[in-house]
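If you read the protein sequences in the order shown, they are chains Z and L. Numbering-wise (full-length UniProt numbering), the first sequence opens with residue 1 and increments by one. Numbering-wise (full-length UniProt numbering), the second sequence opens with residue 1 and increments by one. To keep things clear, I will list the structure first and then write my remarks on it.
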Amino acid sequence: MDQLLQQLINALSLGGIYAMLALGLAIVFSIVGLINFAHGDIMTFGGYGIFLSMVFGFPPIAALCIGLGAAVVMALAMERTAFRVMRGADVISLLITSFAVSEILKVLFQNGISARPVPISFPAAWSGSYQIGGMTIGVAPTASILVTIVSLGCLTFVLRRLAIGMAMRAAAEDFDMLRMLGVRANRVVAAAFAISGLLAGIAAVIWTAQRGSVDPMMGFFPVLKAFIATVLGGLGSLGGAVLGGFVVGTLEVLTQAFLPDALAPYRDAIVLSAVIAVLLVRPDGLLPARSGARS
Amino acid sequence: MADAALFAHPARLRAANWLRTFAALGVLIGTVAFLTLVFGRTGERIAVLMCVNVSAVVALAVFCGNTGIVSFGHGAFMALGAYLSGILTMPAGLQRSALPELPGWLAGHELSVLGALPFVLLAGAGFALLTGSAISRLVGASAAIATLGLLIIVHSIAVSAREFTRGSQTFYGVPRITDLTFVLMAAIVFVILARVYRESRWGLFVRAVRDDEDAATALGIAPRRARLAAWTLSGTLAVVAGALYGHILGAFSPASFYLGLVFAHVVMMIVGGMSSVGGAVVGVIAVTILQNTVRNLEGGITLGGVTLPEVFGLTTVSLGVAILLVIWFRPQGLVGGFELGPGAGAGLLRRIASRATEPPAPRPVSTETLKARGLSRAFAGVKAVTDVSFDVPAGRITGLIGPNGAGKSTLVNLITCQYDADTGSAEIEGVDLTGLPRHRIIDHRVARSFQNLRLFSGLTAFENVLVAALAAGNSRQRANAIALRELEAFDLGSIAAIRADNLPYGARKRLEIARALAQDPAILLLDEPAAGMNPAETDDLADRLIRIREDRRIGILLIDHDLRFVNRLCSHIVVMNRGEKIAEGTPEEVRGNPQVIEAYIGRGRVARAADAQTPQDQALAN
Numbered sequence: 001m002d003q004l005l006q007q008l009i010n011a012l013s014l015g016g017i018y019a020m021l022a023l024g025l026a027i028v029f030s031i032v033g034l035i036n037f038a039h040g041d042i043m044t045f046g047g048y049g050i051f052l053s054m055v056f057g058f059p060p061i062a063a064l065c066i067g068l069g070a071a072v073v074m075a076l077a078m079e080r081t082a083f084r085v086m087r088g089a090d091v092i093s094l095l096i097t098s099f100a101v102s103e104i105l106k107v108l109f110q111n112g113i114s115a116r117p118v119p120i121s122f123p124a125a126w127s128g129s130y131q132i133g134g135m136t137i138g139v140a141p142t143a144s145i146l147v148t149i150v151s152l153g154c155l156t157f158v159l160r161r162l163a164i165g166m167a168m169r170a171a172a173e174d175f176d177m178l179r180m181l182g183v184r185a186n187r188v189v190a191a192a193f194a195i196s197g198l199l200a201g202i203a204a205v206i207w208t209a210q211r212g213s214v215d216p217m218m219g220f221f222p223v224l225k226a227f228i229a230t231v232l233g234g235l236g237s238l239g240g241a242v243l244g245g246f247v248v249g250t251l252e253v254l255t256q257a258f259l260p261d262a263l264a265p266y267r268d269a270i271v272l273s274a275v276i277a278v279l280l281v282r283p284d285g286l287l288p289a290r291s292g293a294r295s
Numbered sequence: 001m002a003d004a005a006l007f008a009h010p011a012r013l014r015a016a017n018w019l020r021t022f023a024a025l026g027v028l029i030g031t032v033a034f035l036t037l038v039f040g041r042t043g044e045r046i047a048v049l050m051c052v053n054v055s056a057v058v059a060l061a062v063f064c065g066n067t068g069i070v071s072f073g074h075g076a077f078m079a080l081g082a083y084l085s086g087i088l089t090m091p092a093g094l095q096r097s098a099l100p101e102l103p104g105w106l107a108g109h110e111l112s113v114l115g116a117l118p119f120v121l122l123a124g125a126g127f128a129l130l131t132g133s134a135i136s137r138l139v140g141a142s143a144a145i146a147t148l149g150l151l152i153i154v155h156s157i158a159v160s161a162r163e164f165t166r167g168s169q170t171f172y173g174v175p176r177i178t179d180l181t182f183v184l185m186a187a188i189v190f191v192i193l194a195r196v197y198r199e200s201r202w203g204l205f206v207r208a209v210r211d212d213e214d215a216a217t218a219l220g221i222a223p224r225r226a227r228l229a230a231w232t233l234s235g236t237l238a239v240v241a242g243a244l245y246g247h248i249l250g251a252f253s254p255a256s257f258y259l260g261l262v263f264a265h266v267v268m269m270i271v272g273g274m275s276s277v278g279g280a281v282v283g284v285i286a287v288t289i290l291q292n293t294v295r296n297l298e299g300g301i302t303l304g305g306v307t308l309p310e311v312f313g314l315t316t317v318s319l320g321v322a323i324l325l326v327i328w329f330r331p332q333g334l335v336g337g338f339e340l341g342p343g344a345g346a347g348l349l350r351r352i353a354s355r356a357t358e359p360p361a362p363r364p365v366s367t368e369t370l371k372a373r374g375l376s377r378a379f380a381g382v383k384a385v386t387d388v389s390f391d392v393p394a395g396r397i398t399g400l401i402g403p404n405g406a407g408k409s410t411l412v413n414l415i416t417c418q419y420d421a422d423t424g425s426a427e428i429e430g431v432d433l434t435g436l437p438r439h440r441i442i443d444h445r446v447a448r449s450f451q452n453l454r455l456f457s458g459l460t461a462f463e464n465v466l467v468a469a470l471a472a473g474n475s476r477q478r479a480n481a482i483a484l485r486e487l488e489a490f491d492l493g494s495i496a497a498i499r500a501d502n503l504p505y506g507a508r509k510r511l512e513i514a515r516a517l518a519q520d521p522a523i524l525l526l527d528e529p530a531a532g533m534n535p536a537e538t539d540d541l542a543d544r545l546i547r548i549r550e551d552r553r554i555g556i557l558l559i560d561h562d563l564r565f566v567n568r569l570c571s572h573i574v575v576m577n578r579g580e581k582i583a584e585g586t587p588e589e590v591r592g593n594p595q596v597i598e599a600y601i602g603r604g605r606v607a608r609a610a611d612a613q614t615p616q617d618q619a620l621a622n
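What follows is the structure in structure tokens.
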């Protein structure tokens, strides 16, 4: 029982990170049709932001905020330099563009900072644990679950209550119509990138806090999982992305905990195969995005 | 173009296709010759790698170019080929030390590279079929990400399955190939296979699916099967290319086939232009030259007294920049969507005049009748179609009219299984069409056109019609002749070699009807064929439809808003309003029906219409 609860917390914590990354991908995809391969590099850049500000002697909390800011700035810069000229291009061209941006950024990280992992030392208390009813629970997973809940809650508020959020949801349904109504396209797209960058930054904070180091590929693997999560949830569907993130995270934790040792190295292969099996039954994902296309 | 020229079109197309293949091969062989003659041994090494890359990228483009889906998963096939061929050809002694735990059935075969090829091919085809059965269900970005998933799966298996692959350690002892002629031959074979597939029945089908999946399905093409065929051929070729790559390297690890390689190959494909085989060849050559130039700079270089520092990963950056520049400034790639060399319309081919076979007479139509019975469909409570019944017999043009939103297009979509009917049936010759898979409708000789144009934009006018004739089950020769027959009937002969997306609107509209007729239907459903046409074009279309009905005795269901057009063509009219059939009969009967007048003119005016019947008639007739 205890072990199950423990694993549940791990699953929520990991799933939360995937969910935030997947949501960031989905927001951008639903508005501009871009599957952002470079999303992982936004997260990595956030991690480097934390690392550098701590090197320069900022206190840990300030460093985290700088990391968040760095991720947002990177997302906006990416939109401005690489993707704005591509507005309206087809999905494949956009995908390839982001692929190229991602490769270039990785080389820049390797040359500019280091090809190897650089350590980040947070206060010891952050990686501690506490006891509840005989159960040992890590501080970091707890914090990550709380942060995930708060972030998703705030985002729901923004998307449902604020004008820019409603504009973004409308843009996801029909961007051209929204522009005809006089809403500034650039502002909506920039807001989408900013939010996706912020979510990637939060993911970077939680990720580095749990692992204590940053390397050029840090964001890459979690974002690969987030890709899978967005497709599993239904490409372009925001709710689907969150659901997909949690499903992928849970599957990963479960296979880690309960897979026999001989099969352990095949964990990623098994999780991905399971997801593809789901797609065979539901090619449009678990919560498909709506479309009003007529024949 | 005169008729004689039109009827030579298939022969010219064939000649143009071979010329294009030779153009691509000429560029490749020329570059190889240049590299070896100018740069000697270094050039030969570069040329060997380039030829293997041509094989790999052509294999990749067989899927990506024809389906429009970018695959990141071909690294998985290459890894399979490299490891399998490596294990089968490795000297036994070396194998015992390198792979001590290799299962007995795989160990100690010591085959030659060509001897291992059949096994590599077989394993590749099996693996491609297995993975394709999943990936062919997905389209667009979802499919691209699924292929990325495949790459990650295979990579993690390659790292974990130590007894076969030595895990992430270097896999060594693979016999080296350094023979340029051998790899050049392989590249040539790959290019020819890719070209033959592209122009084949299945290549045309999958390109039609790429351009418009719904329209292709309505023609009787099963989209998944078409994509699966492309994936399987492409994957099998990629496995062979991977085996070649392994033999070139001699020693490799799972990382050799991971994102770095995939990125390079995708860049080569996109830079050249992914929708043509020539593009793949040109892309590989351009990127090879770029890579080798940059690689010389990577180790640091002194330029005019300034020493540039060593930059790790400069080749990757240059690839990234190359692809960005190409996508920004030439989104179709250096070669573009066209193949290298002349098209079928080129003056070069004017002297080819061998006539295609005599156009076959349309399949006879006798008494087939499409019977719609009690068709209903609701969308989330909105009753789009409620209990509609009518007949469309052969030899008659039946009109279906009604105000916007009356449910006319929905009705056509129900008959052709675009939507599932809630209740009711659409029978022809005793077979109920509702509930059939969409691509089986044409087996019962029911064809349709679409309200919004749905042509295969990447195919020429001729190919658009040809695909329809092929999908109806005709042989290539017969399909050619049928396509010419329809192009002639709709006065499209002079634009046979032009891509559909470059045609003017009126021609596109006619082409869509020609495409449907190429399937030799007994019943043809035309959804607003005259929409957007000017009066002269509408009259012209009416003449052609009347002639077709007289010549072929087929039944036509004609949906349109233009009452003058409908009245001229139809001897029987069905009127719908708000999802229900409100009247049916001859044009005169329908015109006098008060419900019809109300639906079209509105209630207030009906009373006045009762006083002045004649102007009312006038209004409807116009």
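Using N, Cα and C, we set each Cβ at its ideal position, and we do this for glycine too.
- Against chain L, the beta carbon of L279(Z) has neighbours under 8 Å at A134, R137, L138, S142 and A146, listed in chain order.
- At a cut-off of 8 Å between beta-carbon atoms, F182(L) makes no contact with chain Z.
- With three or more CB-CB distances shorter than 8 Å, the segment 485-493 of chain L counts as touching the segment 504-515 of chain L.
- For the options V159(L), P118(L), A79(L) and T181(L), the alpha carbon positioned closest to that of C51(L) is the one of T181(L).
- By the Cβ-count criterion, I132(Z) is exposed, with fewer than 16 other Cβ atoms from all chains shown falling within 10 Å of its own Cβ.
- By the criterion of a C-beta distance shorter than 8 Å, S121(Z) is surrounded in its chain by M54 and G212, once the five residues flanking it on both sides are discounted.
- In the structure shown, R553(L) adopts coil according to DSSP, grouped into three states.
- For the segment 68-87 of chain L, the set of positions with a beta-carbon nearer than 9 Å to some beta-carbon of chain Z reads G68, I69, V70 and F72 in chain order.
- For F175(Z), the closest Cβ of chain L is not nearer than 8 Å.
- T316(L) belongs to the set of residues whose beta carbon lies under 8 Å from a beta carbon in chain Z.
- Contact annotation for T250(Z) against chain L: no contact, minimum CB-CB distance about 17 Å [criterion: below 9 Å].
- For P587(L), the three-state secondary structure derived from DSSP is helix.
- Three or more beta-carbon pairs drawn from the segment 272-284 of chain L and the segment 63-71 of chain L are found closer than 8 Å, and the two stretches are therefore classed as touching.
- Here the alpha carbon of A518(L) sits roughly 14 Å from the alpha carbon of A496(L).
- In the DSSP annotation of this structure, the continuous segment of the beta strand (DSSP E) that includes H572(L) starts and ends at H572 to N577.
- Under the three-state reduction of DSSP output, P393(L) falls in the strand class.
- In this structure, the CA atom of P117(Z) is about 27 Å from the CA atom of V294(L).
- A check of alpha carbon separations from R578(L) across A5(L), A599(L), G585(L) and G592(L) identifies A599(L) as the nearest.
- The bridge partners DSSP lists for I137(Z) are Y130(Z).
- With fewer than 16 other beta carbons inside 10 angstroms of its own, C154(Z) counts as exposed.
- Residue pairing from DSSP places L525(L) in a beta bridge opposite R448(L) and L557(L).
- Around the beta carbon of R12(L), 16 or more other beta carbons sit within 10 angstroms, so the residue counts as buried.
- Around V266(L), the beta-carbon contacts reaching into chain Z at under 9 Å are I96 and F99.
- Around P265(Z), the beta-carbon contacts reaching into chain L at under 8 Å are S156, V159 and S160.
- Shown here, G201(Z) sits in a helix according to DSSP, grouped into three states.
- DSSP, reduced to helix, strand and coil, places P504(L) outside both helices and strands of the structure shown, so it counts as coil.
- Contact check for M43(Z) against A200(Z) passes: the beta carbons are separated by less than 8 Å.
- In this structure, L228(L) and G75(L) do not form a Cβ contact; the two beta carbons are roughly 20 Å apart against a cut-off of 8 Å.
- Sequence-ordered contacts of the segment 321-332 of chain L with chain Z read V321, I323, L324, I327, W328 and P331 [C-beta pairs closer than 8 Å].
- Of all residues in the segment 238-260 of chain L, none is placed with a Cβ closer than 8 Å to any Cβ belonging to chain Z.
- By DSSP's assignment, G399(L) forms a beta bridge with L558(L) and I573(L).
- In terms of CA proximity to R440(L), G220(L) leads the group P403(L), G333(L) and G220(L).
- Rounded to the nearest whole angstrom, the C-alpha separation of E101(L) and E163(L) is 5 Å.
- As computed with DSSP, I228(Z) is found in no beta bridge at all.
- Assignment of beta-bridge partners to T423(L) by DSSP yields S376(L).
- The Cβ-Cβ distance between F72(L) and T147(L) falls below 8 Å.
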